[in-house]
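Enquirer: Below you will find the structure I want to go over with you.
Chains as they are written, first to last, in the numbering used here: chain E, 3 to 204; chain U, 3 to 204.
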């Protein structure tokens with residue numbers, strides 16, 4: 003189990019500040035996606051920021067039953083378990099299944115650094131996001147899935163090309179975007195087909 | 003003026019997605035602060051994530067008149083102007099004054115990529131944060147100021163040492179933390195004095 007960053011006494015705020023210092027490690031978790039321009043891989047902390055601001059920017063399209071503030075909070079939290087469990091690409095189905103127990107343990111350790119009521123609140127929000135059943139979690143998952151697709155469409159298909167991804171994999175793994183946001187999917191589908199014609203997807 | 007990332011047609015979502023692709027550049031704006039462990043400088047996108055999740059983690063200390071959702075939104079937005087204007091350390095008073103007009107122009111260009119009502123909403127929220135007068139903006143500024151102090155306290159004073167910062171500069175520039183969050187300041191002050199004894203601050 004990774005070591006916890008030592009922290010200082012901040013009275014009743016000590017645990018929350020210890021949590022904040024520990025999750026600095028998310029800035030060092032590398033994703034397959036690169037920043038636009040392809041100078042380097044993006045990390046899961048900056049991806050979480052990008053996802054959260056996507057929620058705020060696309061709020062008018064979320065639907066009336068979505069609480070965009072909870073979606074933003076899910077974005078901020080959703081990848082923290084990767085500090086212990088690592089990032090696994092959405093198309094690597096075997097690795098994603100294998101990592102599930104590690105993510106549960108990671109949530110317990112990392113959110114467990116917080117005092118109550120935040121410990122329970124953060125854990126429940128992360129679990130709701132993972133389950134993907136509530137309207138808030140579904141919109142959050144649409145954004146989390148859409149961000150790397152949008153990045154690749156503006157980045158010459160970078161992570162698709164580097165990982166030999168096929169168009170049919172992208173279509174099969176993202177049916178939930180089509181179900182939840184048909185208008186967004188209509189445009190994504192057209193651009194994905196164009197990407198295949200350009201050789202960015204097999 | 004920096005070029006805008008070319009974007010694709012997404013129907014009524016086109017402008018919001020163009021904005022999201024353009025602000026990917028915040029991931030390449032370097033701060034003086036390094037990630038814990040000091041392998042590299044942190045960038046303003048991952049700092050914005052860290053600040054936003056600090057707001058969520060420290061929400062119980064915000065005070066009853068603070069809307070933590072608006073603080074989180076300020077965190078997500080507050081540094082976007084740095085894409086055009088660059089990051090200036092809080093202790094570089096001359097540079098901070100000089101950059102003000104550039105930040106106004108940057109807000110106009112970058113938030114101007116969005117359609118209404120987001121354009122006006124993002125601009126007004128950024129301006130409120132900059133003005134630092136509302137309770138939400140004040141709590142947001144406390145967190146934005148506290149994060150690099152907390153990072154330095156857990157990172158052997160890295161950006162203070164590298165920039166020859168004196169304890170009296172940190173005290174003079176952060177009186178607003180003392181005014182707004184006296185309990186947090188009490189602990190920070192003690193740790194800052196310890197940091198000077200260790201030679202991390204002059």
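The beta carbon of each residue, even a glycine, is placed where N, CA and C say it ideally should be.
Between the beta-carbon of residue 57 of chain U and the beta-carbon of residue 77 of chain U, is there less than 8 Å?
Expert: Stepping through the second chain from its first residue, residue 57 of chain U is reached at position 55. Stepping through the second chain from its first residue, residue 77 of chain U is reached at position 75. Contact flag set, yes.
Enquirer: What are the boundary residues of the beta strand (DSSP E) that residue 32 of chain E is part of?
Expert: Counted from its first residue, the first chain places residue 32 of chain E at position 30. It spans 32 to 36 - the beta strand (DSSP E) in which residue 32 of chain E sits, taken as one unbroken run.
Enquirer: Under 8 Å Cβ to Cβ from residue 89 of chain E, same chain only, skipping five residues before and after it: list those, please.
Expert: Stepping through the first chain from its first residue, residue 89 of chain E is reached at position 87. Within the same chain, residue 89 of chain E has close Cβ partners 31, 32, 33, 34, 46, 81.
Enquirer: Which residues in chain U sit within 9 Å of residue 13 of chain E, going by Cβ to Cβ distance?
Expert: Locating residue 13 of chain E in the first chain gives position 11, where the first residue counts as 1. Result: 185, 186, 188, 189.
Enquirer: Mind checking which residues open and close the alpha helix (DSSP H) that includes residue 170 of chain E?
Expert: The residue given as residue 170 of chain E occupies position 168 in the first chain. Start and end: 169 to 175.
Enquirer: Could you pull out every unbroken alpha helix (DSSP H) segment of at least 4 residues lying fully inside the stretch 81 to 130 of chain E, listed in chain order?
Expert: You should have 84 to 87, 95 to 100, 102 to 113.
Enquirer: Write down the C-beta distance between residue 112 of chain U and residue 86 of chain U rounded to the nearest angstrom, noting that I regard them as a contact closer than 8 Å.
Expert: What you label residue 112 of chain U is simply residue 110 of the second chain in a count that begins at 1. What you label residue 86 of chain U is simply residue 84 of the second chain in a count that begins at 1. Rounded, the Cβ-Cβ distance is 7 Å, consistent with contact.
Enquirer: Residue 43 of chain U bridges to which residues according to DSSP?
Expert: Here residue 43 of chain U refers to the residue found at position 41 of the second chain. According to DSSP, residue 43 of chain U bridges with U:36.
Enquirer: Assign residue 12 of chain E to one of three DSSP states: helix, strand, or coil.
Expert: In the first chain, counting from the first residue as 1, residue 12 of chain E sits at position 10. It is coil, neither helix nor strand.
Enquirer: Please confirm if residue 45 of chain E has its CB atom under 8 Å from at least one CB of chain U.
Expert: What you label residue 45 of chain E is simply residue 43 of the first chain in a count that begins at 1. Answer yes: the Cβ-Cβ gap between residue 45 of chain E and chain U drops below 8 Å somewhere.
Enquirer: Verify the CB distance criterion: does residue 144 of chain U have a CB-CB separation below 8 Å to chain E?
Expert: Within the second chain, residue 144 of chain U is the residue found at index 142, counting from 1. Cβ-Cβ to chain E under 8 Å: no for residue 144 of chain U.
Enquirer: In the DSSP assignment, the alpha helix (DSSP H) including residue 188 of chain U goes from what residue to what residue?
Expert: On the second chain, position 186 is the one that residue 188 of chain U refers to. Note, residue 188 of chain U: alpha helix (DSSP H), 184 to 199.
Enquirer: Is the Cβ of residue 54 of chain U closer than 8 Å to any Cβ of chain E?
Expert: As a working note, residue 54 of chain U is residue 52 in the second chain. Cβ-Cβ to chain E under 8 Å: yes for residue 54 of chain U.
Enquirer: Taking 7 Å as the line, does the beta carbon of residue 54 of chain U fall inside it for any heavy atom of the ligand FAD?
Expert: As for the ligand FAD, it is missing from this structure, which has no ligand bound.
Enquirer: So, is residue 38 of chain E buried or exposed, given that buried needs 16 or more other C-beta atoms within 10 angstroms?
Expert: Numbered from its first residue, the first chain carries residue 38 of chain E at position 36. So residue 38 of chain E ends up on the buried side.
Enquirer: Would you kindly work out how many angstroms separate the C-alpha atoms of residue 203 of chain U and residue 176 of chain U, rounded to a whole number?
Expert: Within the second chain, numbered from 1, the residue matching residue 203 of chain U stands at position 201. Within the second chain, numbered from 1, the residue matching residue 176 of chain U stands at position 174. Each residue's alpha carbon lies about 15 Å from the other.
Enquirer: Kindly indicate if chain A contains any beta-carbon less than 8 Å away from that of residue 110 of chain U.
Expert: The structure shown contains no chain A; the protein chains it does contain are E and U.
Enquirer: Residue 203 of chain E touches chain U at which residues, Cβ-Cβ below 7 Å?
Expert: Taking the first chain and counting its residues from 1, one reaches residue 203 of chain E at position 201. Chain U residues near residue 203 of chain E: none, gap ~15 Å exceeds 7 Å.
Enquirer: For residue 94 of chain E and residue 60 of chain E, I'd like the C-alpha separation in whole angstroms.
Expert: As a position in the first chain, residue 94 of chain E is number 92, starting the count at 1. As a position in the first chain, residue 60 of chain E is number 58, starting the count at 1. For residue 94 of chain E and residue 60 of chain E, the distance between alpha carbons rounds to 28 Å.
Enquirer: If you measure between the beta carbons of residue 99 of chain E and residue 83 of chain E, is that distance less than 8 Å?
Expert: Along the first chain, one-based indexing puts residue 99 of chain E at 97. Along the first chain, one-based indexing puts residue 83 of chain E at 81. No, the pair does not count as a contact, with Cβ atoms beyond the cut-off.
Enquirer: Quick one: using the 10 Å Cβ neighbour count with 16 as the cut-off for buried, is residue 170 of chain E buried or exposed?
Expert: As a working mapping, residue 170 of chain E is identified with position 168 in the first chain. Exposed is the call here.
Enquirer: By the criterion of Cβ-Cβ separation under 8 Å, what are the contact partners of residue 25 of chain E in chain U?
Expert: Residue mapping note: residue 25 of chain E aligns to position 23 of the first chain, counting from 1. Near residue 25 of chain E (Cβ distances below 8 Å), the residues of chain U are 52, 55.
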